[in-house]
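Here's the structure, in C-alpha cells; my notes come after.
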Amino acid sequence: MSKCEFIKEFLCELSELNDLTNKVIYSPLYQKNIILILDDNQIYAWLDACPHYPQATPLSWKAGQYLSHDKKFIQCFAHGALFNFKTGLCEQGPCLGKKLSEIPLEIVSGQIFCLRTL
Ligand code: FES
Numbered sequence: 080m081s082k083c084e085f086i087k088e089f090l091c092e093l094s095e096l097n098d099l100t101n102k103v104i105y106s107p108l109y110q111k112n113i114i115l116i117l118d119d120n121q122i123y124a125w126l127d128a129c130p131h132y133p134q135a136t137p138l139s140w141k142a143g144q145y146l147s148h149d150k151k152f153i154q155c156f157a158h159g160a161l162f163n164f165k166t167g168l169c170e171q172g173p174c175l176g177k178k179l180s181e182i183p184l185e186i187v188s189g190q191i192f193c194l195r196t197l
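In this note's numbering, the protein residues as written are 80 to 197.
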C-alpha cells in the first residue's frame with residue numbers, strides 16, 4: 080500500500096479572516112492565487128481559476144474582489160459565472176455545473192496551511 084504524502088504551505092493567520100469577506104493569497108505551491116472565505120466558523124478555499132475554459136483564467140472582477148454583491152457567490156469577472164462559495168459549483172453562467180478546484184487546508188495553532196499531494 081502506498082503512503083499519501085503532502086507538502087504544506089503557510090497561507091495566513093486565522094485571525095486575518097473576517098466573516099464573508101474574501102482573502103486572496105498567492106501560493107507558490109499551486110502557482111496561483113487561493114481564495115479563502117470564512118463563513119460561520121467554516122473556511123472555504125478555492126483555486127483562483129475559472130473552469131469555463133481549459134486555461135482556467137483568474138476569477139477576480141476587481142483587484143482581489145471575488146464575492147458577488149450579495150456575498151453568496153464567487154463571481155467570475157470574464158463572463159459573469161456565479162459559483163456557490165460553499166460547494167464551488169457554478170449555479171449560473173456559461174460553465175453551469177462545473178466546479179472550482181477546492182484547496183485542502185490544515186489549521187494548526189491558529190495558522191492556516193494549504194496542502195498538496197506529492
Ligand atoms: S472565464 Fe469565467 S465565466 Fe468565462
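Think of the CB as a built atom: it goes at the ideal place given N, C-alpha and C, for glycine as much as any other residue.
Residue pairing by DSSP places residue 171 opposite 161 in a beta bridge. The straight-line gap separating the alpha-carbon atoms of residue 146 and residue 197 is approximately 31 Å. Here residue 176 is not near residue 125, since their CB atoms are 8 Å or more apart.
Checking the 7 Å criterion, the Cβ of residue 174 is within range of a heavy atom belonging to the ligand FES.
Between the C-alpha atoms of residue 107 and residue 160 there is a straight-line separation of about 26 Å.
Residue 102 is classed as buried because its beta carbon has at least 16 other beta carbons within 10 Å across all chains shown.
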